[in-house]
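Visitor:
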Amino acid sequence: MRVSHLVGKTLRETPRDATLTSHIFLLRGAYVRQVASGIYSLLPIARRITAKIERIIREEMDRIGGQEILMPVVMPRELWEESGRYYSIGDEMVRFKDRSDNDLLLGMTHEEPAVQIVRSEVESYKQLPVMVYQIQTKFRDEPRARGGLIRVREFTMKDAYSFHTSQEDLEEYYSKVHEAYVRIFKRAGLRRVVDVSADTGIMGGGVSHEFMLVTPAGEDTLLLCPHCGYRANKEVAYTNLPEEPEEPKPLEKVATPEQKTIEEVASFLGVPHSKTAKAVFFVHSDKGLVFVLIRGDLEVNETKLRKVLGPGELRPAHDEEIEEAGAVPGYASPVGLDTSKFTLVVDRSVTVVNNLVTGANEEGYHLVGFNVERDLGEVEPADVASVRQGDPCPLCGQPLNMERGIEIGNIFQLGTKYSEPMGCTYLDNDGKKKPMIMGCYGIGVGRLLASVIEESHDDYGPIWPISIAPWQVQICAIDQKKEGVGDTAARLHRELEAAGIEVLWDDRNEKAGVQFADADLRGIPIRLVVSKKTLKNGGVEFSLRGSKDREIWPIDEVLPKVRQTIEKLEAELLP
RNA sequence: CGGGGCGUAGCGCAGUCUGGUAGCGCGCCUGCUUUGGGAGCAGGAUGCCGGAGGUUCGAGUCCUCUCGCCCCGACCA
7 MRVSHLVGKT LRETPRDATL TSHIFLLRGA YVRQVASGIY SLLPIARRIT
57 AKIERIIREE MDRIGGQEIL MPVVMPRELW EESGRYYSIG DEMVRFKDRS
107 DNDLLLGMTH EEPAVQIVRS EVESYKQLPV MVYQIQTKFR DEPRARGGLI
157 RVREFTMKDA YSFHTSQEDL EEYYSKVHEA YVRIFKRAGL RRVVDVSADT
207 GIMGGGVSHE FMLVTPAGED TLLLCPHCGY RANKEVAYTN LPEEPEEPKP
257 LEKVATPEQK TIEEVASFLG VPHSKTAKAV FFVHSDKGLV FVLIRGDLEV
307 NETKLRKVLG PGELRPAHDE EIEEAGAVPG YASPVGLDTS KFTLVVDRSV
357 TVVNNLVTGA NEEGYHLVGF NVERDLGEVE PADVASVRQG DPCPLCGQPL
407 NMERGIEIGN IFQLGTKYSE PMGCTYLDND GKKKPMIMGC YGIGVGRLLA
457 SVIEESHDDY GPIWPISIAP WQVQICAIDQ KKEGVGDTAA RLHRELEAAG
507 IEVLWDDRNE KAGVQFADAD LRGIPIRLVV SKKTLKNGGV EFSLRGSKDR
557 EIWPIDEVLP KVRQTIEKLE AELLP
């Protein structure tokens with residue numbers, strides 16, 4: 007391929023809309039162009055990369071017995087009514103009508119059609135397990151797209167669905183997919199990928215893991231234990247706060263004029279934040295007012311709280327709603343309130359310590375000597391607190407590290423969440439119909455591409471791993487009109503391509519600086535420079551993207567040396 | 001959905017307060033010179049100033065409405 011005819015011009019300056027590294031290089035290097043918020047076209051250079059990523063994914067899915075299929079993007083309402091998700095998913099799913107007034111939707115995940123296929127094509131336990139997968143477009147009307155390809159509305163995803171006769175079989179397969187994912191990310195050149203325990207969100211089901219690229223650019227927060235390897239998304243991470251029992255003191259009302267926040271109250275009374283219990287109020291569409299009692303030094307984790315409360319919308323409560331329940335904003339506690347007026351959620355954190363400060367439900371007063379068990383009676387403590395940097399690991403007690411991560415893949419054990427309502431059954435060897443046990447597994451292709459840039463770049467552009475590089479070799483020819491320069495470049499281009507090597511030749515009559523800058527933006531691993539100078543020195547100059555080392559290679563040795571270099575680079579990425 | 005910012009040439013921006021024939025840099029086209037980290041000179045093309053209403057003799061600029069994009073948060077396989 008010649009640069010002079012390559013579609014996509016590089017940009018010298020950073021477009022205003024880009025702030026994230028990968029987004030900046032994706033635009034400057036002419037990888038993508040935005041069509042609308044969260045909707046992008048891929049230009050040739052990016053499409054070449056995603057094609058390679060997809061090939062790696064295919065190979066690894068096929069290795070574990072996957073069968074590639076292709077399901078539609080547009081589906082009828084009826085199919086999604088079967089699982090109930092037509093109603094449980096909100097505005098994230100795009101719905102519309104066709105000319106006959108039928109309700110249609112754009113697929114954002116494909117459990118329903120996958121189940122539809124398998125329930126009619128697979129009938130016997132003898133055929134199980136099976137796994138089908140596809141690499142296909144998804145549309146999710148995200149409330150906020152961001153960061154170039156990191157969070158988009160339309161994207162390509164590999165999604166896989168497995169079907170089993172037992173939980174044990176699912177678990178065994180789940181770990182195979184887990185291994186396949188590790189191989190995929192390794193082969194794609196990602197280094198800092200970790201799997202973390204995760205929330206299941208709209209997918210439902212039981213166990214799930216997310217594969218996260220650890221990077222400050224990530225949207226998710228992870229808690230990682232450097233000691234024992236405990237790893238979890240903040241949404242599900244938990245900790246065991248140490249118990250600090252004290253002799254219970256009597257409950258007493260004290261005046262705390264104008265002291266409303268935990269900050270103010272704690273310093274006014276001279277106690278640490280961890281010796282206070284604060285009230286946080288929400289309104290849940292199903293449960294009404296929710297009163298969360300949590301230690302003053304902790305934050306309520308809404309994802310965890312949602313799980314405790316069950317399905318429905320959750321939002322912070324207004325002051326009027328709090329007052330209606332008899333609580334006084336700024337001075338609230340459940341003590342002495344009619345608990346039938348709200349749903350009380352007591353976080354575990356307030357049960358491991360005694361003698362807390364909490365609100366007196368009276369303007370200007372707090373209670374001291376508050377002891378949950380004694381003063382509230384029987385309460386079932388829940389875990390709704392966010393884990394913090396340095397909190398003890400729930401497994402080994404060592405302090406946890408907090409990091410950011412980009413979710414590039416996830417795997418779920420779904421159980422019978424879809425097979426049961428949708429009648430996806432098989433005949434077992436005892437002659438009985440049983441629902442299949444399911445798993446599902448996703449990888450975002452475009453996000454993976456952007457993640458590689460986040461992890462592998464320098465000031466000048468991406469540094470592509472050879473496995474997914476748009477081309478393997480970049481030829482820069484400086485002053486091509488000079489004796490031998492243009493001819494040599496053309497010959498190298500011809501010979502390397504004939505040998506099956508992917509070559510991008512900058513055949514423009516641009517100055518060295520321009521060619522090098524563009525080559526850096528394209529991030530191609532092997533760079534060959536042909537110029538008057540290199541010819542005088544006996545050949546072409548070889549260098550690796552991201553390295554300062556330079557070598558002169560005689561023209562006749564270029565092909566074998568390129569082959570050798572590619573092999574060496576590929577070997578580094580073997581799982 | 002809440003908060004903030006921005007829409008002027010392909011890209012980056014000035015001009016808007018204080019209304020008077022739309023500018024700069026880069027890129028693009030032509031020619032010459034140049035060719036190892038984003039060259040020089042000369043000439044040239046490019047704008048529904050996001051859109052619609054309004055005020056005015058006159059609107060990129062003032063007023064009203066509207067659409068879009070980005071960032072933070074909420075939200076989120």
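Residue 7 is where the first sequence starts when you use our numbering, and the numbers rise one by one after that. Note that the Cβ used here is the ideal one computed from N, Cα and C, for glycine as well. Bear in mind the structure is a predicted one, so any value in this text is a computation, not a measurement.
Smallest Cα separation from Pro441: which of Arg101, Ser172, Gly235, Arg150?
Guide: Looking at the Cα atoms, Ser172 is the closest of the given residues.
Visitor: Since I believe Asn246 is in contact with Asp226 (beta carbons under 8 Å), could you give me their beta-carbon distance rounded to a whole number of angstroms?
Guide: That belief does not hold up - the Cβ atoms of Asp226 and Asn246 are roughly 23 Å apart, past 8 Å.
Visitor: Going along the chain, which unbroken runs of the beta strand (DSSP E) with 3 or more residues stay wholly within the region 173-219?
Guide: Correct list: 199-203.
Visitor: Please specify which runs of the alpha helix (DSSP H), each continuous and at least 4 residues long, are wholly inside the region 249-306, giving them in chain order.
Guide: The region 249-306 contains these whole alpha helix (DSSP H) runs: 268-275.
Visitor: For Leu455, count neighbouring C-beta atoms within 10 Å of its own C-beta (all shown protein chains included) and say buried if the count is 16 or more, exposed if not.
Guide: The residue in question, Leu455, is buried, as its Cβ has 16 or more Cβ neighbours within 10 Å.
Visitor: Give the straight-line distance between the Cα atoms of Leu17 and Trp477, rounded to the nearest whole angstrom.
Guide: Cα to Cα, the separation comes out at about 20 Å.
Visitor: Helix, strand or coil: which one does DSSP assign to Asp493?
Guide: It is helical.
Visitor: Tell me, which residues are paired with Thr27 by DSSP?
Guide: Paired residue(s): none; Thr27 is not in a bridge.
Visitor: Just confirm the distance between the C-beta atoms of Val535 and Val564, as a whole number of angstroms; I'd bet it's less than 8 Å.
Guide: Not a contact, Cβ separation roughly 12 Å.
Visitor: Look at the alpha carbon of Phe297 and the alpha carbon of Leu406, and state the distance between them as a whole number of angstroms.
Guide: Their Cα atoms are separated by approximately 29 Å.
Visitor: I'd like to know whether the C-beta atoms of Gly452 and Phe31 end up nearer to each other than 8 Å.
Guide: The answer is no: Cβ separation not under 8 Å.
Visitor: Please report the straight-line C-alpha distance between Arg354 and Pro387, rounded to a whole angstrom.
Guide: Using only the alpha carbons, I get a separation of about 5 Å.
Visitor: Counting Cβ pairs, one atom from each stretch, are 3 or more of them under 8 Å apart for the region 132-144 and the region 168-188?
Guide: Touching, yes, given that three or more Cβ pairs across the two stretches are closer than 8 Å.
Visitor: I'd like to check one pair, Val393 with Val352: are the Cβ atoms closer than 8 Å?
Guide: Contact: no.
Visitor: How far does the beta strand (DSSP E) with Phe376 in it extend, from its first residue to its last?
Guide: Residues 371-376.
Visitor: For the beta strand (DSSP E) that Ala238 lies in, which residues bound it at each end?
Guide: First-last of the beta strand (DSSP E) with Ala238: 237-239.
Visitor: Which of the three DSSP states, helix, strand or coil, is assigned to Lys517?
Guide: Coil, per DSSP.
Visitor: Report the CB separation of Glu413 from Ser28 in whole angstroms; it is logged as a contact under 8 Å.
Guide: That pair is no contact at about 15 Å.
Visitor: Hey, out of Ala475, Asp434, Trp470, Ile532, whose CA is closest to Cys482's CA?
Guide: Selected option, being the one with the closest Cα: Ile532.
Visitor: Looking at Leu502: is its Cβ nearer than 8 Å to the Cβ of Arg528?
Guide: No; because the gap between Cβ atoms is not below 8 Å, this pair is not in contact.
Visitor: On a CA-only basis, which of Gln480, His279, His116 is nearest Tyr139? Give me that one, please.
Guide: Measuring from the Cα of Tyr139, the nearest candidate turns out to be His116.
Visitor: Let me confirm a value: Val124 is counted as buried when at least 16 other C-beta atoms fall within 10 Å, else exposed. Which label applies?
Guide: When all chains shown are included, Val124 counts as buried.
Visitor: So what does DSSP say about Val80, is it helix, strand or coil?
Guide: Val80: strand per DSSP, three-state reduction.
Visitor: Measure the C-alpha to C-alpha separation of Glu253 and Leu229 and round it to an integer number of angstroms.
Guide: Each residue's Cα considered, the two are about 34 Å apart.
Visitor: May I have the straight-line CA-CA distance separating Val363 from Lys255, to the nearest angstrom?
Guide: Using only the alpha carbons, I get a separation of about 11 Å.
Visitor: State the DSSP-derived secondary structure class of Ile95, mapped to helix, strand or coil.
Guide: In this structure, Ile95 counts as coil in the three-state DSSP scheme.
Visitor: DSSP state of Trp470, grouped into three classes?
Guide: The answer is coil: DSSP assigns Trp470 none of H, G, I, E or B.
Visitor: Where does Trp477 sit, in a helix, a strand or coil, going by DSSP?
Guide: Trp477 falls in the coil class under three-state DSSP.
Visitor: Do Val183 and Ile417 count as a contact pair if the criterion is CB distance below 8 Å?
Guide: Taking 8 Å as the Cβ cut-off, Ile417 and Val183 qualify as a contacting pair.
Visitor: Opposite Ile558 in the DSSP bridges: which residues?
Guide: Ile558 is bridged to Glu547.
Visitor: State the CB to CB distance for the pair Thr220 and Gly411, rounded to an integer number of angstroms; the pair is presumed to be in contact (CB under 8 Å).
Guide: The question names Thr, but residue 220 is Val in the sequence shown. Contact flag correct, Cβ pair sits at about 5 Å.
Visitor: I'd like to confirm the pairing. Which residues does DSSP put opposite Ser425 in its beta bridges?
Guide: According to DSSP, which records beta bridges pairwise, Ser425 is partnered with nothing at all.
Visitor: Going by DSSP, what residues sit across from Leu112 in a beta bridge?
Guide: DSSP lists Val80 as partners of Leu112.
Visitor: Taking 8 Å as the cut-off, decide whether the C-beta atoms of Arg159 and Phe145 are in contact.
Guide: Yes, the Cβ-Cβ distance between Arg159 and Phe145 is below 8 Å.
Visitor: Check whether the region 66-73 touches the region 103-115, taking contact to mean three or more Cβ pairs, one atom from each stretch, closer than 8 Å.
Guide: As far as the Cβ criterion goes, the region 66-73 does not touch the region 103-115, which means the pair count is below three.
Visitor: Take every Cβ of the region 262-274, pair it with every Cβ of the region 314-324, and state whether three or more of those distances are shorter than 8 Å.
Guide: Flag = no, the region 262-274 and the region 314-324 do not touch.
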